[in-house]
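See below for the structure under consideration.
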Amino acid sequence: MKKRFRESILSNNALYTEVCLKNLACSTLLFMFSCGASGAIQPKTIPNIVGGKEVVAESSTFMVSLGMGNASDAHERHFCGGTYLGGRYVLTAAHCLFTDEVPDDASDIDVTIGTNDLLNQNAQTFPVIQYYLHSGYDERSAINDIAIIELEDDIQDEINIKAVQFASEESVKQLISHTSQLTVLGWGKDETGQISTQLKKVELSFVDQGIACQNLGFPESLESVICVGDPMSGKDSCKGDSGGPIGYYQDYHFMQVGIVSIGSSCEDNGGIGLYTRVNDFIKTGWIKSFSSGVRYWKDIYLPFNDASYGFTIPVQNLSSHPIALYIEDAVLPEGVEIEDHNCQQPLGAYHGDCFIDMLVDTTVINKDSRNTVFNIGTNHPDIPELEFNVVHHFSSTEP
1 MKKRFRESIL SNNALYTEVC LKNLACSTLL FMFSCGASGA IQPKTIPNIV
51 GGKEVVAESS TFMVSLGMGN ASDAHERHFC GGTYLGGRYV LTAAHCLFTD
101 EVPDDASDID VTIGTNDLLN QNAQTFPVIQ YYLHSGYDER SAINDIAIIE
151 LEDDIQDEIN IKAVQFASEE SVKQLISHTS QLTVLGWGKD ETGQISTQLK
201 KVELSFVDQG IACQNLGFPE SLESVICVGD PMSGKDSCKG DSGGPIGYYQ
251 DYHFMQVGIV SIGSSCEDNG GIGLYTRVND FIKTGWIKSF SSGVRYWKDI
301 YLPFNDASYG FTIPVQNLSS HPIALYIEDA VLPEGVEIED HNCQQPLGAY
351 HGDCFIDMLV DTTVINKDSR NTVFNIGTNH PDIPELEFNV VHHFSSTEP
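Here the sequence shown is numbered in the UniProt record's numbering, starting from 1 and rising by one per residue.
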């Protein structure tokens, strides 16, 4: 598996974090992303919408284009889609961010929201400060292919920017049972092979999930996904835009059902695609817990073998609720310690912050698992726990 390492620092609102390698000088926090395992069906970060219809501006108020911040050309900037959740949060697919194709640092990504035309000079673009991948995401199977992007600031009320609406669980069940059609929205490549600067839509149908998964080379049953495709038309998930929405229109309002995840190539396997089923992550509270105003480093990537790493993790409360952290009650896995913290007092609403000093010993933590997850409880009504994810990438040699 190819590995690539990066340095990243969170500087907004005087927040920062460091990794102090024992017996070495302190350095900025190292992050690592990896491409998919060899032979696995790869998510498409620049898929196509061929034969789709253009979408009017009034129908795109919730649509998000993820862009390479250092690219000036619209065709080069756009790499994934997403939907606006409200406040400072965007919903997308985890595989859009867990890849070598995106910029190293979250601050090198920006998002354009509320336009159907990527060439629109008046389109509003917002800087990204952090993102949260689902700790159970597996790039080889598409399980939990979901992520939330946090912008630097809340977006103020704008006439052309509105939060997306989600279909109810009952509505989704009825759609599946009646093999209804759904609509994919995106700026993927068109017939010319170029990224479409105009937002397009294409209609696809539900298919039998067991058959679809077999066609894609996956087990018959995958959690939290739906299978959609139209074998007769040649249109499928590779025609959509990764991270963007699939859903339906109800009284002129788009109701999101899923997130464009992965699929076979258009020419192979009947044109079937897998989509992350959003309702499952609403029910579990996952989306709410990462979009309710508490900012912190969730994912910790360890780049070297057999060493101890010290982390100073900033936690900032940007929500309207004071929040207490139950650090002393945290049950930590073997090899993870909290050495110190200044979070004894509740964090005040709107910019209360504190710091947690952690130590991770990679000679002790479970190397048989892809990652080690632990939680610190809170009294926040929407965030019962802060989830920390230590991702294991051990190798015999340094990269």
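Glycine is no exception: its CB is placed at the ideal position from the N, C-alpha and C atoms.
Taken through DSSP and simplified to helix, strand or coil, L175 comes out as helix. By the 16-neighbour rule on beta-carbons within 10 angstroms, S168 is exposed.
DSSP places F79 in the strand class (E or B) of the three-state scheme. Each of T112, S289, N317, N375 was checked against the Cα of G186, and the nearest Cα belongs to T112. Contact check for N70 and D108: beta-carbon distance about 6 Å, within the 8 Å limit, so the pair qualifies. Look at the stretch 116-200 and you find these whole runs of beta strand (DSSP E), each 3 residues long or longer: 124-133, 147-151, 181-186. Selection S60, K173, F311 evaluated against N279 yields K173 as nearest (Cα-Cα). Of the residues assessed, N379 falls on the exposed side of the cut-off, its CB having fewer than 16 other CB atoms within 10 angstroms.
Runs of beta strand (DSSP E) with 3 or more residues, each lying fully within the stretch 325-357, are found at 336-341, listed in chain order.
F388: member of the beta strand (DSSP E) spanning 385-392, first to last residue.
C80 places its beta carbon 7 Å or farther from that of G258. The beta-bridge partner set that DSSP reports for H253 consists of Q250. G247 sits buried, since 16 or more C-beta atoms from the chains shown fall within 10 Å of its C-beta. Residue range 308-317 is occupied by the beta strand (DSSP E) that includes N317, with no alpha helix (DSSP H) assigned at that position. Excluding sequence positions up to five before and after G86, its CB lies within less than 6 Å of the CB of A163, all in the same chain and listed in chain order.
Residue pairing from DSSP leaves T362 without any beta-bridge partner. Under the DSSP assignment, N70 falls outside any beta strand (DSSP E); it carries neither an H nor an E label. Taking the Cβ atoms as the reference, G293 lies roughly 3 Å from S319, within the contact range of under 8 Å.
Annotated three-state conformation of V278 is helix, per DSSP. In the three-state reduction of the DSSP assignment, D105 falls in the coil class, being assigned neither a helical nor a strand state. Listed in chain order, the non-local C-beta contacts of S72 below 7 Å within the same chain number zero, local neighbours out to five positions each way being set aside. In the DSSP assignment, I376 falls within the beta strand (DSSP E) that extends over 371-378. In the three-state scheme derived from DSSP, where H, G and I count as helix and E and B as strand, S261 is classed as strand. Only buried fits H78, as 16 or more other CB atoms lie within 10 angstroms of its CB. Judged by their CB atoms, R295 and S224 are not nearer to each other than the 7 Å cut-off. Secondary-structure assignment with DSSP links G229 through a beta bridge to S205, I272.
The residues D382, in chain order, have a CB closer than 6 Å to that of K288 in the same chain once the five nearest residues on each side in sequence are set aside.
Counting along the chain, I287 sits inside the alpha helix (DSSP H) bounded by residues 286-289. Beta-bridge analysis with DSSP links D110 to G67, P127. The C-beta distance from P314 to D340 rounds to 14 Å, too long to meet the 8 Å contact threshold. With fewer than 16 other Cβ atoms inside 10 Å of its own Cβ, G348 counts as exposed. Ranked by Cα distance from G335, the options Y326, T362, F311 are led by T362. Bounds of the beta strand (DSSP E) holding L91 are 89-92. Nearest C-alpha to P384 among I327, R370, N120: I327. Following the DSSP letters along the chain, one finds D299 inside the beta strand (DSSP E) bounded by residues 299-302.
Between the beta-carbon of L118 and that of T197 there is about 4 Å, and that keeps the pair under the 8 Å contact cut.
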